[in-house]
Amino acid sequence: MAEKLAIEGGTPILTREDYKNWPVITEDDRRFVNDVLDSGIVAGPTGPQVSALEKE
């Protein structure tokens, strides 16, 4: 018979250090979010970021 499952007291295959935070948030991501917040328009079709994304 195989070893016990980790949930049943067996040895875990992965440790907490093996897990990575996701998604990876970059400085560009933070800048874009701050730009939206600074614009004062965080929702709706009239936001400048919405127009820019549509053109892209």
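Counting the sequence shown from 1 gives a position; my numbering is that position plus 16. Beta carbons: idealized from backbone N, C-alpha and C, even for Gly.
So residue i packs on residue j, CB below 8 Å; how close in whole Å?
| i | j | result |
| --- | --- | --- |
| residue 51 | residue 65 | 7 Å |
| residue 27 | residue 19 | 7 Å |
Return helix, strand or coil for residue i, following the three-state DSSP convention.
| i | result |
| --- | --- |
| residue 57 | coil |
| residue 71 | helix |
| residue 24 | helix |
Considering only residues of the stretch 28-58, which uninterrupted beta strand (DSSP E) runs meet the minimum length of 3 residues and lie entirely inside it, listed in chain order? Listed in chain order, there is nothing to give.
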